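J.: Here's a structure for you.
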Amino acid sequence: MTHKETKQETTQELNINSTGSELPEKEMESLKVTLDNETAEMIKHAERLGIDTVFHRQSKYGGPSMCKDKSRCYFGTMGLCCRQCGMGPCRIRQEDLQKSYKINKGTCGASADTIVARNLIMMVARGTSAHASHARHIASTLLKTAQNKTPYTIKEPGKLRAIAARLNIHEARSVQEVAEKVSSIALSDILGSGESMSFSTSYCKTSRTHNELKLIPRSVGRELLDEEHETAMGTMADPEMFVLHAARLGMADIASLVISSEIADVLFGIPTPVGSKIGFNVLDKNKVNIVIHGHVQLLSEKIVEFSEDRELIDKARSLGATGINVVGCCCTGNEVLIRHGVPLVGSNLQQELIIATGLVEGFVVDVQCIYPNIENVARRFHTKLISTMEEARFASATHIPFNEENADEIAKNILNMAIENFPNRGKNVFVPHGEPRDMIAGFSVEAIERILSNINPDDPLKPLIGNIASGNIYGIVLLAGCTSPKVIADASHVTIAKELLARNVLIAATGCAAQACARAGLLTGDATEKYAGDKLKEVLRSLGKAAGYDKPLPPVWHFGGCSDNSRVILLAYALARKLGVEIKDLPIAVSAAEWVAEKATAIGTGSVALGMTVHLGITPPILGSQAVVSLLTQRAEQLFGGRFFVEPDPVRAAKILLEHIEQARGKLGISTLNILEKPLNSMPELKV
Ligand code: NFS
Ligand code: SF4
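Okay, here's the thing in structure tokens:
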């Protein structure tokens with residue numbers, strides 16, 4: 118079985134778009150692995166030191182191109198392997214994909230449809246459990262804070278009461294009582310035995326179809342329990358039921374995101390646009406550098422707080438540093454960025470390279486998206502790798518267990534450890550040339566309404582709706598999810614953003630996708646002048662004025678980490694409500710062009726279940742079943758109003774996203790401009 122055969126099967130027989138095979142072999146060789154020059158420089162530096170990174174390991178599988186992904190297993194790629202029981206593992210082929218390999222059923226008789234669907238739901242479930250676990254940590258911190266058991270405070274009692282109102286908690290109570298009630302409801306949504314998740318039903322508008330298809334999640338725990346049972350050998354066999362349950366898990370996932378960001382706002386403040394910087398050069402050669410990496414921002418908040426502690430700064434000075442420099446990586450980085458303007462040093466693909474600068478005294482991780490290889494990289498330097506959560510332990514890391522009750526002492530302890538490590542910094546330090554890029558981040562529904570209320574105090578969303586209706590904002594696309602070494606890192610996000618901005622589509626971004634846009638300089642007012650179409654430019658100029666800036670608002674709005682995707686979904690609901698339509702009718706779409714983590718599949722599935730059209734730029738392992746492919750890419754639209762589509766080529770993906778927007782506008786009866794008649798730019802120059 119050659120890879121070429123796989124390609125033909127996947128692209129022709131299942132009619133999934135792919136461009137890789139069109140590029141001649143020679144040309145593929147010279148593609149670079151990342152759009153970001155600083156990252157490229159750091160990769161070369163790591164190579165000089167003999168340190169392997171995610172990019173090097175990916176190159177062994179064929180580099181940043183799916184068509185060269187030669188060494189990966191065909192069966193795994195297609196979703197056709199099963200290790201569920203002791204009669205297996207089984208690897209099979211759907212009958213009409215059979216060539217030389219004739220096995221088309223598992224030993225138990227499971228078909229390709231069953232195996233692919235079962236593997237898919239297990240992926241969605243892992244993503245959901247990651248987000249729900251994050252939500253549980255945040256909700257339990259609010260509960261303990263209400264009971265005066267933690268050093269945290271309730272920073273936004275107004276927001277707490279707004280959440281309570283949404284959950285129908287109306288009786289007059291003290292802030293503490295409301296906090297206890299809200300957090301208890303959140304915790305019971307995650308682990309309780311109720312009939313439906315309150316944060317799902319009160320935040321996401323569900324339809325008759327949702328009820329008929331039993332898509333309203335009970336608790337996350339219950340959905341996960343049933344999922345584990347259903348996927349056990351010899352239990353569920355029906356692919357459609359698996360996909361419907363995956364949709365229900367996806368909705369539970371979105372509700373978990375809502376819990377995380379809504380309650381984090383109560384504890385840590387509502388994000389509002391803030392200026393900051395991104396790049397390896399936010400590391401400071403003269404200061405004690407502490408990188409906070411992961412997702413659950415409870416400890417990170419405290420590390421940021423105590424990095425300003427006089428005594429600790431004096432201690433750093435006494436050891437030869439000029440101060441303490443805390444910078445963020447991945448989504449815990451995004452969270453402290455949007456609330457405190459803490460600079461970002463990188464995202465998922467940069468994590469090993471960050472340590473390879475030799476400048477990091479403390480690399481503090483909580484949970485999720487932490488590549489195990491950072492242990493090997495840290496060993497090469499003085500860097501102290503500090504793990505903090507029970508869920509994510511590393512054999513060689515120093516483990517300082519976090520708990521909310523002692524958050525202050527733990528944060529100080531970690532800062533002390535990093536400060537004391539400063540004198541151990543070696544001579545082998547390296548940062549790429551150039552300056553970090555400026556960016557503005559920190560959009561939230563509340564912040565947007567506040568800016569808009571300077572234009573229309575009585576009805577803040579009206580100017581936004583007006584501009585969408587007139588076509589000044591042709592549509593909104595959310596760029597979400599990770600950056601991937603399976604494509605040219607960052608390039609898919611950035612290309613899609615530029616293509617769409619030029620056609621007056623406003624970009625919302627979260628997670629590592631937002632960081633990719635930031636690295637490319639798209640999160641500034643200057644980027645609006647450079648990349649936005651004329652109409653969008655005018656809108657962003659006037660919004661910039663309304664916000665009190667001397668420049669336009671950036672054309673890409675950074676809403677935070679992946680859990681803050683809920684903010685964009687809530688904004689979409691607010692717009693839909695105002696227009697009197699459903700979320701599926703809006704000229705809005707989602708793109709996860711470089712998705713990596715299972716969490717992305719959970720958010721994507723939840724978004725589709727809520728009616729959004731979702732682009733995936735990396736083919737998920739489902740091509741082994743035509744039934745599953747058609748459920749996700751076609752039937753889904755009839756069932757929920759949203760669907761997935763797969764398109765690795767970012768320029769073509771942008772075109773399909775625009776077509777979706779254009780169709781939605783047509784159906785809504787608002788101006789369509791036939792902007793697709795204008796030719797789209799071709800792929801950017803990607804040669805080294
Ligand atoms: Ni989202 Fe954030 Fe990044 Fe992907 Fe990981 S850090 S939660 S999963 S890799 S965007
Ligand atoms: Fe094979 Fe069926 Fe066991 Fe899976 S459950 S390993 S398909 S026998």
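Sequential numbering from 118 applies to the sequence shown in our numbering. Where a beta carbon is used, it is the ideal one built from N, C-alpha and C, also for glycine. Computed from a prediction, not measured in an experiment: that's the story for all the values here.
With a threshold of 6 Å (Cβ to nearest heavy atom), would A227 be considered close to the ligand SF4?
T.: Within the sequence shown, residue 227 is the residue found at index 110, counting from 1. Result yes, Cβ under 6 Å from the ligand SF4.
J.: Kindly list the residues whose CB is nearer than 6 Å to the CB of V685, restricted to its own chain and excluding five residues on each side of it in sequence; keep chain order.
T.: Within the sequence shown, numbered from 1, the residue matching residue 685 stands at position 568. Contacts found: L595, A625, F676.
J.: Closer than 8 Å by C-beta to E699: which residues in its own chain qualify, once you throw out the five before and the five after it? Chain order, please.
T.: Here residue 699 refers to the residue found at position 582 of the sequence shown. Closer than 8 Å at Cβ, skipping near neighbours: K322, S324, A693, G728, G758.
J.: Under the DSSP definition of a beta bridge, which residues are partnered with W674?
T.: In the sequence shown, counting from the first residue as 1, residue 674 sits at position 557. Note: W674 sits in a beta bridge opposite A625.
J.: In this structure, what does DSSP give as the bridge partners for L595?
T.: Residue 595 sits at position 478 when you count from the first residue of the sequence shown. Answer is A625, V707.
J.: Excluding the five sequence neighbours on either side, which residues of its own chain have a C-beta within less than 8 Å of the C-beta of V150, listed in chain order?
T.: Counting from one through the sequence shown, the residue named residue 150 turns up at place 33. These residues qualify, in order along the chain: A157, I160, F172, Q175, S176, G180, P181, P602, I605, A606.
J.: Might you give, ordered along the chain, the residues of its own chain that have their beta carbon closer than 7 Å to the beta carbon of F192, omitting 5 neighbours on each side?
T.: Taking the sequence shown and counting its residues from 1, the one referred to as residue 192 is at position 75. Hits under 7 Å: C198, R208.
J.: Can you tell me whether E616 is buried or exposed, with buried defined as 16 or more other CB within 10 angstroms of its CB?
T.: For the purposes of this step, residue 616 is taken as the residue at position 499 of the sequence shown. Buried, since its Cβ has 16 or more Cβ neighbours within 10 Å.
J.: Do you know how far the Cα of E521 is from the Cα of S257?
T.: For the purposes of this step, residue 257 is identified with residue 140 of the sequence shown, where counting begins at 1. For the purposes of this step, residue 521 is identified with residue 404 of the sequence shown, where counting begins at 1. Cα-Cα distance, rounded: 9 Å.
J.: Considering Cα atoms alone, identify which of W712, N571, D555, E754 is closest to I636.
T.: Numbered from 1 along the sequence shown, position 519 holds the residue referred to as residue 636. Sequence check: residue 636 is Arg here, not Ile. When only C-alpha atoms are compared, the closest one is D555.
J.: If we ignore side chains and look at the alpha-carbon of each, how far apart do G786 and K652 end up?
T.: Counted from its first residue, the sequence shown places residue 786 at position 669. Counted from its first residue, the sequence shown places residue 652 at position 535. Going by the C-alpha atoms only, they are around 19 Å apart.
J.: Counting Cβ pairs closer than 8 Å, one from the stretch 531-547 and one from the stretch 378-394, do we hit at least three?
T.: Because the criterion of three Cβ pairs below 8 Å is not met, the stretch 531-547 and the stretch 378-394 do not touch.
J.: Looking only at DSSP bridge pairs, what is T151 linked to?
T.: As a working mapping, residue 151 is identified with position 34 in the sequence shown. Looking at the DSSP assignment, T151 forms a beta bridge with A606.
J.: Here's a check: name, in chain order, each residue in its chain whose Cβ is nearer than 6 Å to the Cβ of L476, leaving out the five neighbours to either side.
T.: Taking the first residue of the sequence shown as position 1, residue 476 is located at position 359. The residues are L400, N406, V546.
J.: Might you give, ordered along the chain, the residues of its own chain that have their beta carbon closer than 7 Å to the beta carbon of A514, omitting 5 neighbours on each side?
T.: As a position in the sequence shown, residue 514 is number 397, starting the count at 1. So the qualifying residues of the chain are E492, L502, I503, S504.
J.: Mind checking whether V292 and P274 have CB atoms under 7 Å apart?
T.: Residue numbering aside, residue 292 sits at position 175 when the sequence shown is read from its first letter. Residue numbering aside, residue 274 sits at position 157 when the sequence shown is read from its first letter. It is a contact, given that the beta carbons lie within the stated cut-off.
J.: Can you give the Cα-Cα distance for I280 and V299, rounded to whole angstroms?
T.: Numbered from its first residue, the sequence shown carries residue 280 at position 163. Numbered from its first residue, the sequence shown carries residue 299 at position 182. Near 8 Å, if we compare the C-alpha coordinates of V299 and I280.
J.: Please report the distance separating the alpha-carbon of G741 from that of A709.
T.: Taking the sequence shown and counting its residues from 1, one reaches residue 741 at position 624. Taking the sequence shown and counting its residues from 1, one reaches residue 709 at position 592. The alpha-carbon atoms of G741 and A709 are separated by roughly 21 Å.
J.: Please go through the same chain and pick out, in chain order, the residues whose beta-carbon is closer than 7 Å to the beta-carbon of V375, but skip the five residues on each side of it.
T.: Residue mapping note: residue 375 aligns to position 258 of the sequence shown, counting from 1. Excluding residues within five positions, the ones whose Cβ falls inside 7 Å are F316, Y320, S683.
J.: Within the continuous alpha helix (DSSP H) that includes V405, where are the two ends?
T.: Position 288 of the sequence shown, counting from 1, holds the residue named residue 405. Careful: V405 lies outside any alpha helix (DSSP H), inside the beta strand (DSSP E) at 405-410.
J.: Using three-state DSSP, classify H550 as helix, strand or coil.
T.: Locating residue 550 in the sequence shown gives position 433, counting from the first residue. Of the three classes helix, strand and coil, the one that applies to H550 here is coil, per DSSP.
J.: Check whether the stretch 350-368 touches the stretch 517-534, counting contact only when three or more Cβ pairs, one atom from each stretch, lie closer than 8 Å.
T.: Result no; under three Cβ-Cβ pairs closer than 8 Å.
J.: With DSSP run on the structure shown, which of helix, strand or coil describes F762?
T.: Taking the first residue of the sequence shown as position 1, residue 762 is located at position 645. It is a strand residue.
J.: Kindly provide the ranges of any alpha helix (DSSP H) runs that are 4 or more residues long and lie completely inside the stretch 152-208, ordered along the chain.
T.: Taking only runs of at least 4 residues, the alpha helix (DSSP H) segments lying wholly in the stretch 152-208 are 154-165, 171-177, 191-195.
J.: Which whole-angstrom value describes the C-beta separation of H732 and A770, a residue pair presumed to lie in contact below a C-beta threshold of 8 Å?
T.: Taking the sequence shown and counting its residues from 1, the one referred to as residue 732 is at position 615. Taking the sequence shown and counting its residues from 1, the one referred to as residue 770 is at position 653. With 8 Å as the limit, H732 and A770 qualify as a contact, their Cβ atoms being about 5 Å apart.
J.: How would you write the range of the beta strand (DSSP E) that K394 sits in, first residue to last?
T.: Indexing the sequence shown from 1 puts residue 394 at position 277. That run of the beta strand (DSSP E) goes 391-395.
J.: Since P232 is in the alpha helix (DSSP H), which residue starts that stretch and which ends it?
T.: Here residue 232 refers to the residue found at position 115 when the sequence shown is read from its first residue. The residue you asked about is not Pro; residue 232 is Ile in the sequence shown. Residues 229-263.
J.: So, for P671: in the same chain, excluding its five sequence neighbours on each side, which residues have a beta-carbon less than 8 Å away from its beta-carbon?
T.: As a working mapping, residue 671 is identified with position 554 in the sequence shown. Excluding sequence neighbours, P671 sits near M556, I557, L639, L640, T641, G642, A644, T645, L657.
J.: Specify, as a first and last residue, the run of the beta strand (DSSP E) that C446 falls within.
T.: Within the sequence shown, numbered from 1, the residue matching residue 446 stands at position 329. Segment 441-446, the beta strand (DSSP E) holding C446.
J.: What are the uninterrupted segments assigned as beta strand (DSSP E) that are 3 or more residues long and contained completely in the stretch 611-668, given in chain order?
T.: You should have 622-627.
J.: Could you tell me which residues DSSP puts in a beta bridge with A558?
T.: As a first step, residue 558 is located in the sequence shown; it is residue number 441 there, counting from the start. A558 is bridged to V391.
J.: So what's P141 in DSSP terms, helix, strand or just coil?
T.: As a first step, residue 141 is located in the sequence shown; it is residue number 24 there, counting from the start. Summary for P141: the model assigns pLDDT 35, below 50, so the residue's position carries little reliability, and this model does not support an answer.
J.: Does the distance from the CB of L623 to the CB of I593 come in under 7 Å?
T.: By 1-based counting over the sequence shown, the position of residue 623 is 506. By 1-based counting over the sequence shown, the position of residue 593 is 476. It is a contact, given that the beta carbons lie within the stated cut-off.
J.: Do you know how far the Cα of T627 is from the Cα of S587?
T.: Locating residue 587 in the sequence shown gives position 470, counting from the first residue. Locating residue 627 in the sequence shown gives position 510, counting from the first residue. Taking the straight line joining both Cα atoms gives about 27 Å.
J.: Take the Cβ of K143 as the centre, count every other Cβ of all protein chains shown within 10 Å, and call the residue buried at 16 or more, exposed below.
T.: Working through the sequence shown from its first residue, we reach residue 143 at position 26. Caution applies to K143, whose pLDDT of 38 falls short of 50 and renders its modelled position unreliable; the value that the coordinates give is listed next. That one is exposed.
J.: Verify whether the separation of the beta carbon atoms of G723 and G367 is less than 7 Å.
T.: Taking the sequence shown and counting its residues from 1, one reaches residue 723 at position 606. Taking the sequence shown and counting its residues from 1, one reaches residue 367 at position 250. Result yes, Cβ atoms of G723 and G367 sit closer than 7 Å.
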